[in-house]
Amino acid sequence: MKYDLPGDQGEVLPNLLGLTEQRAVDLAEAEGFLRAEMTLYDELHDGTTFDLDYVQRMHKLALGRLYAFAGKWRDVNLSKGGFNFPSVKFLDVTMRDFDQHVLKNMPDIYADRDALIRDIALVHGELLFIHPFREGNGRTARLLADMMAQKQGHGKLHWERIGRVRFDEYVQAVQQAALDNRQPMEAIIRSVFPS
115 MKYDLPGDQG EVLPNLLGLT EQRAVDLAEA EGFLRAEMTL YDELHDGTTF DLDYVQRMHK
175 LALGRLYAFA GKWRDVNLSK GGFNFPSVKF LDVTMRDFDQ HVLKNMPDIY ADRDALIRDI
235 ALVHGELLFI HPFREGNGRT ARLLADMMAQ KQGHGKLHWE RIGRVRFDEY VQAVQQAALD
295 NRQPMEAIIR SVFPS
């Protein structure tokens with residue numbers, strides 16, 4: 115489901131490649147995220163810091179060939195299915211707060227798997243609730259979660275386990291994270307965490 119924007123006519127998002135078919139845009143986005151994942155994994159090391167610069171760079175690597183806004187905070191208000199994401203007016207402050215109070219409090223090394231799962235759930239839920247980008251928020255948040263797990267020696271998360279059957283549960287977990295109830299997102303992350 116695409117975003118609801120005031121005055122939106124459901125058209126293909128203007129892009130740098132001049133693509134006019136949604137299927138072609140979807141394919142270009144998927145290819146971009148695959149390239150970004152390979153680049154970020156090749157660069158991943160014990161000293162990798164997950165901060166705002168990293169998040170913006172992820173997004174730019176993934177969507178920079180397609181969108182001029184790649185790697186930049188959104189400049190439009192968004193809603194999806196009647197749920198309003200935080201106002202663009204406060205987005206810069208919100209992201210700095212996310213960086214200061216969430217990202218900068220993550221340890222470099224985790225002593226146990228449960229603590230890592232809790233922190234991935236916190237970062238993932240908050241980032242999805244804030245929805246800082248015009249497009250590609252879910253994929254960026256999932257890629258960041260994968261990088262967080264892989265930095266600690268685990269594999270990629272099994273996002274395919276969510277599928278269509280559990281997607282509503284996933285959306286509700288994001289909404290609950292916005293209310294400081296992190297248990298639903300922790301349960302989701304635990305269910306997709308590599309064995």
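Take the numbering used here: the last position of the sequence shown gets the number 309, and nothing is skipped along the way.
Using N, Cα and C, we set each Cβ at its ideal position, and we do this for glycine too.
Would DSSP call residue i helix, strand or coil?
i, result
"residue 131", "coil"
"residue 186", "coil"
"residue 194", "strand"
"residue 120", "Any reading at residue 120 needs caution, since the residue's pLDDT is 48, under 50, leaving its predicted position unreliable; the model's value is listed next. In this structure, residue 120 counts as coil in the three-state DSSP scheme."
"residue 178", "coil"
"residue 289", "helix"
"residue 250", "coil"
"residue 224", "coil"
"residue 125", "coil"
"residue 173", "helix"
"residue 202", "helix"
"residue 278", "coil"
"residue 165", "coil"
"residue 294", "coil"
"residue 160", "coil"
Just to confirm the assignment, what range does the alpha helix (DSSP H) spanning residue i have?
i, result
"residue 230", "227-244"
"residue 297", "297-306"
"residue 266", "Where residue 266 is concerned, there is no enclosing alpha helix (DSSP H), given that its DSSP letter is neither H nor E."
"residue 151", "136-157"
"residue 210", "205-215"
Where residue i and residue j are concerned, what is the direct C-alpha to C-alpha distance, given to the nearest angstrom?
i, j, result
"residue 281", "residue 132", "31 Å"
"residue 171", "residue 286", "28 Å"
"residue 245", "residue 256", "13 Å"
"residue 119", "residue 137", "Caution is warranted here: a pLDDT of 49 is assigned to residue 119, below 50, making its placement in the model unreliable, and the coordinate value is therefore given only provisionally. Cα to Cα, residue 119 sits roughly 20 Å from residue 137."
"residue 253", "residue 259", "10 Å"
"residue 232", "residue 300", "6 Å"
"residue 127", "residue 251", "15 Å"
"residue 288", "residue 243", "6 Å"
"residue 278", "residue 284", "10 Å"
"residue 266", "residue 189", "34 Å"
"residue 130", "residue 225", "44 Å"
"residue 160", "residue 214", "21 Å"
"residue 84", "residue 249", "Absent from the structure is residue 84, since the part of the chain shown begins at 115 and ends at 309."
"residue 247", "residue 207", "14 Å"
"residue 168", "residue 144", "19 Å"
"residue 125", "residue 196", "19 Å"
Rounded C-beta distance between residue i and residue j? I'm assuming under 8 Å.
i, j, result
"residue 261", "residue 154", "6 Å"
"residue 142", "residue 180", "5 Å"
"residue 272", "residue 306", "5 Å"
"residue 184", "residue 147", "Their Cβ separation, rounded to whole angstroms, is 11 Å, which puts residue 184 and residue 147 out of contact at 8 Å."
"residue 302", "residue 276", "7 Å"
"residue 239", "residue 182", "Going by Cβ atoms, the distance from residue 239 to residue 182 rounds to 29 Å, so no, they are not a contact pair."
"residue 109", "residue 164", "Outside the shown range of the chain, which is 115 to 309, sits residue 109, and nothing can be said about it."
"residue 237", "residue 217", "7 Å"
Regarding residue i and the ligand ATP, is the C-beta to nearest heavy atom distance less than 6 Å?
i, result
"residue 210", "No copy of the ligand ATP appears in this structure; indeed no ligand is present at all."
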